[in-house]
Amino acid sequence: MTSDDDFARPGRPRSLQTLTALSPEQVDAVLALLAEAARTDGQQAVSEQGRLQLRGGEREGVSHLLLTVGDELVGYAQLEDTDPVEPPAAELVVHPSHRGNGHGRALGSALLAASGKRLRVWAHGGHSAARHLAQVLGLTLFRELRQMRRPLAGLDLPEPVLPKGVRVRTFVPGRDDAAWLELNAAAFAHHPEQGSLTQRDLDDRKAEPWFDPEGFFLAEDADGRLVGFHWTKVHREEGLGEVYVLGVSPDAQGSGLGKALTTIGLRYLADQGLPTAMLYVDADNKAAVSVYERLGFVTHETDLMYRTET
């Protein structure tokens with residue numbers, strides 16, 4: 014969420030469209046807007062999941078809000094209403110050269126109306142303008158997501174110790190899809206964004222240029238059942254290796270498997286010649302934060318989620 018709360022300047026009329034799917038031309042315009050905002054803000058205003066959901070036609074529970082002035086796209090918001098319990102979640106952005114004109118407030122107000130005033134909104138980077146807009150819209154801070162980083166140069170981690178009978182191999186696209194989705198849902202039953210991934214979501218990621226099954230590690234027990242995984246991601250241009258998703262089956266937690274998988278993934282990323290590792294973790298997950306801090310990670314930046322009062 015990046016924006017402002019001033020009133021719109023007189024001149025060209027402002028219009029707002031809400032769509033369930035975008036044309037290829039609209040997708041290109043939104044991506045160009047996001048890229049320009051990222052250059053100014055230092056990070057993306059819309060998450061990877063949100064960017065993937067721009068393409069591929071209609072998706073259940075997802076809508077796109079396009080704010081234009083004349084024929085120029087100046088703002089974008091995405092609303093996802095797929096969680097059966099939590100309020101709909103949104104992300105929004107205004108083009109840097111069009112901020113200070115009330116466009117953010119217009120998008121935010123439209124999101125509140127579309128969600129029936131039950132809304133969660135991400136503010137990536139937690140900038141002061143986004144905090145101010147959240148206050149204007151009557152939203153309160155709900156969640157803090159930390160991005161943590163550590164150097165990979167000179168990585169000195171102990172040999173990973175796997176639980177008895179567990180072995181680690183890499184992901185085989187197609188063959189492992191269903192089993193991984195089942196494990197992911199179980200490992201992240203408490204985390205609706207990650208735990209609700211579908212085959213389409215997995216296919217979206219497998220189609221991305223960064224996808225590499227050699228960096229997607231699966232742990233299976235003596236019966237061949239998946240019990241854990243560490244999916245790494247390489248951001249080559251930024252020189253970053255990411256602990257993308259790390260999950261352990263509920264019945265294997267506390268066995269040391271998570272630590273072993275973390276070590277295996279970090280060693281893989283270091284072998285790719287990347288200088289830095291990163292990951293995301295909820296600030297209130299004290300146990301995970303403590304584990305990552307012991308592994309040398311420190312907080313780099315913070316994403317904030319705001320929500321309407323319940």
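With the working numbering applied, the sequence shown has no gaps in its numbers, which climb one by one up to 323 at the end. C-beta: ideal position from N, C-alpha, C; glycine also.
- Distance from the Cα of residue 141 is smallest, within the candidate group 79, 42, 231 and 315, for 315.
- Residue burial annotation: residue 167 is exposed, with fewer than 16 other C-beta atoms found within 10 angstroms of its C-beta.
- Closest in alpha carbon position to residue 177, among 190, 113, 265 and 242, is 265.
- Between the alpha carbons of residue 279 and residue 165 lies a gap of roughly 8 Å.
- About 6 Å separates the Cβ atoms of residue 92 and residue 127, confirming a contact at the 8 Å cut-off.
- Within its own chain, the residues whose Cβ lies closer than 7 Å to the Cβ of residue 96, once the five positions on either side in sequence are excluded, are 205, listed in chain order.
- Here residue 137 is near residue 58, since their CB atoms are less than 7 Å apart.
- For residue 232, the three-state secondary structure derived from DSSP is strand.
- Taking C-beta separations shorter than 7 Å and ignoring five residues to either side along the sequence, the partners of residue 252 in its chain run 287, 288 and 289, following chain order.
- The segment 122-161 is shown to contain whole beta strand (DSSP E) runs of 3 or more residues at 133-136, in chain order.
- Within the segment 77-129, the complete beta strand (DSSP E) segments at least 3 residues long are 85-93 and 102-107, listed from N- to C-terminus.
- With distances taken between CA atoms, residue 274 lies nearest to 243 out of 293, 243 and 254.
- Cβ-Cβ separation between residue 146 and residue 182: approximately 47 Å, too far for a contact (criterion under 8 Å).
- Setting aside the 5 residues that flank it on each side, residue 173 is surrounded in the same chain by 273, 276 and 277, each with a C-beta closer than 6 Å to its C-beta; the list follows chain order.
- Unbroken alpha helix (DSSP H) stretches of 4 residues or longer found wholly inside the segment 207-263: 212-219, given in chain order.
- In this structure, DSSP gives residue 40 a helical state, which the three-state scheme calls helix.
- As a beta-bridge residue in DSSP terms, residue 317 pairs with 136 and 157.
- Restricting attention to 161, 235 and 239, the CA atom closest to the CA of residue 188 is found in 239.
- Positions of the beta strand (DSSP E) runs, each at least 3 residues long and wholly inside the segment 268-318, are given as 289-295 in order along the chain.
- In chain order, 161 and 256 place their CB closer than 6 Å to the CB of residue 292, counting only its own chain and leaving out the 5 sequence neighbours on each side.
- Beta-bridge annotation (DSSP): residue 27 is paired with 82.
- If you draw a straight line from the Cα of residue 236 to the Cα of residue 193, it is about 15 Å long.
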